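Undergrad:
In the numbering used here, the protein residues as written are 5 to 489.
So this is what it looks like as structure tokens:
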């Protein structure tokens, strides 16, 4: 686990181990515990199934509880999880996502206008870090209600310096962890809950960084929820987004509590915003590396506009190269490289092909004892040549257009058979929204700007909250050379 979390670029060890040992193998955790790394499709389907054999580990859940709250859909399980998801589902239906197109377009246009204004002070092109710009844009796109928050409470979410600083510090801490910090973090998470509560009064540095971020996130959620309730009292027409859907449910039948609604705010604005923003960042990086990708998107965008056959959601779905780029970005850059589970009873995990054990025995299912840790190896799954072709370790959007990606019934996930959004009952509710936001932001920027990498710029991947860019082995940033198209 140390090698997985420490090395930049992320994945060097993991992908080599998969080549050497196959799609299921055992590793040691940070404090010596045995863990199974699993990317086999049959095994993953069994682990992700709703059969009660596996659950998020207590350590994983402790982090989710501290970051998002007791009522977060990322933390709860069983009947409470099903109830909250059922209330949230209407906000992420195809119809609801279709209704968000115009607001997302406005967010993307605001960003492009900011870049145009910034370029006015440059004669030809300018170099600037796009990392923060993209995060501000996706935060604005998370909910239509940000304008209501500002109007009612006088609070601008995108200009919250306290939260921005807390988030940056958390990302930097995650991206630059030392071996000792990782081991200490693992040891802390192994402590009983009462000990963690005591530690909050005397937190180690990294734990303190997490707590500061949690407090800033909770404060922001409080302001947001109060603004929505006050807006309703003032007669301001609510938008049909997640939080108002949940407030309607609370008002009509109390299916969800106000605390549960508040806990989803952190889930959506931190978990959802961060992963989508960084996916867009990596897509822009590949576009800057490959000018022909920019040309392809511009040409198909103009052609689609001139044909006037589609609009809204269907317009973006009808751009083949853009969608190939989005899929390839989500495949190649797994924002959450792995997800942790623990067996809650003795069970077996079936595999798609026989595995040879250390003793030389061939088995078609793996016996798992209660308490066994299992890593859903998302990044490794996305590099399986059997699914993605012999060039699975290369970034190539054409795999989605030329037929080399032949998945059949072997793959998983709600979108393009990717595990980016997981699968089974824990599938990410907002996956359609994330894809649409990527489509809209990338279209807006590519059709208006030329993107290139500055000379002598080295960008590597590091696993912080999600996969972030490290520039010249230093800061978490992505400087690009930008000029008007």
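Backbone N, C-alpha and C fix where the C-beta goes; we use that ideal spot for every residue, glycine too.
As the structure is a computational prediction, the values presented were derived from the model and not from experiment.
Measure the alpha-carbon distance for residue 172 versus residue 166 and round it to whole angstroms.
TA: If you take the alpha carbons of residue 172 and residue 166, they lie about 10 Å apart.
Undergrad: Applying the 10 Å Cβ sphere with the 16-neighbour rule, what's the burial state of residue 402?
TA: exposed
Undergrad: In angstroms with no decimal places, state the Cα-to-Cα distance between residue 240 and residue 86.
TA: Between residue 240 and residue 86, the C-alpha separation is close to 31 Å.
Undergrad: Could you tell me which of 375, 399, 301 sits nearest to residue 386, measuring between CA atoms?
TA: 399
Undergrad: Which residues bound the beta strand (DSSP E) around residue 368?
TA: 366 to 372
Undergrad: Tell me, please, which residues DSSP counts as bridged to residue 359.
TA: 367
Undergrad: Would the segment 111 to 125 and the segment 437 to 454 be scored as touching if the rule is three or more Cβ pairs under 8 Å?
TA: Using a Cβ-Cβ distance cut-off of 8 Å, the segment 111 to 125 and the segment 437 to 454 are in contact, since at least three pairs of beta carbons, one from each stretch, lie closer than that value.
Undergrad: For residue 56, which option in 347, 464, 307, 474 has the closest C-alpha, if you only look at C-alpha atoms?
TA: The shortest C-alpha separation from residue 56 is found at 347.
Undergrad: Which of helix, strand or coil does DSSP assign to residue 114?
TA: helix
Undergrad: Kindly list the residues whose CB is nearer than 7 Å to the CB of residue 300, restricted to its own chain and excluding five residues on each side of it in sequence; keep chain order.
TA: Result list for residue 300: 325, in chain order.
Undergrad: With 16 other CB atoms within 10 Å as the buried threshold, where does residue 313 fall?
TA: exposed
Undergrad: Count the other CB atoms within 10 Å of the CB of residue 307; is the residue buried (16 or more) or exposed (fewer)?
TA: exposed
Undergrad: Leaving out five residues on either side along the sequence, give the residues of the same chain with a beta carbon under 6 Å from the beta carbon of residue 437.
TA: 101
Undergrad: Using alpha carbons as the reference points, say which of 446, 214, 255 lies closest to residue 281.
TA: 446
Undergrad: Among 199, 136, 216, which one has its Cα closest to the Cα of residue 174?
TA: Residue 174 has its Cα closest to that of 216, out of 199, 136, 216.
Undergrad: Does the distance from the C-beta atom of residue 46 to that of residue 356 stay below 8 Å?
TA: yes
Undergrad: According to DSSP, is residue 471 helix, strand or coil?
TA: strand
Undergrad: Decide if the segment 388 to 395 is in contact with the segment 369 to 379; the criterion is three or more beta carbon pairs, one per stretch, under 8 Å apart.
TA: no
Undergrad: Quick one: which unbroken alpha helix (DSSP H) runs of 4-plus residues sit fully inside the segment 35 to 77? Chain order, please.
TA: 45 to 52, 62 to 72
Undergrad: Quick one: grab the DSSP three-state call for residue 350.
TA: coil
Undergrad: Counting pairs of Cβ atoms below 8 Å between the segment 32 to 43 and the segment 53 to 71, do you hit three or more?
TA: no
Undergrad: Can at least three beta-carbon pairs, one atom from the segment 455 to 472 and one from the segment 427 to 443, be found at a separation below 8 Å?
TA: no
Undergrad: Quick test of your reading: residue 93 and residue 267, contact by CB under 8 Å. State the CB separation rounded to the nearest angstrom.
TA: About 17 Å; that fails the 8 Å criterion.
Undergrad: Looking at C-beta atoms only, is the number of pairs between the segment 316 to 333 and the segment 373 to 392 that lie closer than 8 Å three or more?
TA: no
Undergrad: Spell out the partners DSSP gives residue 313 in its beta bridges.
TA: Looking at the DSSP assignment, residue 313 forms no beta bridge with any residue, so it has no partner.
Undergrad: Along the alpha helix (DSSP H) that carries residue 270, what are the first and last residues, could you check?
TA: 262 to 270
Undergrad: Take the Cβ of residue 158 as the centre, count every other Cβ of all protein chains shown within 10 Å, and call the residue buried at 16 or more, exposed below.
TA: Low local confidence applies: a pLDDT of 46 at residue 158 is under 50, so the model's placement there is unreliable, and no value is given.
Undergrad: Can you round the beta-carbon distance between residue 458 and residue 289 to whole angstroms, since I take them to be within the 8 Å contact cut?
TA: Actually they are not in contact, since the Cβ atoms of residue 458 and residue 289 sit about 12 Å apart, beyond 8 Å.
Undergrad: Once DSSP output is grouped into helix, strand and coil, what is the label at residue 129?
TA: In the structure shown, the three-state DSSP call for residue 129 is coil.
Undergrad: Please name the residue, chosen from 222, 60, 328, that lies closest to residue 407 on a Cα-to-Cα basis.
TA: 328
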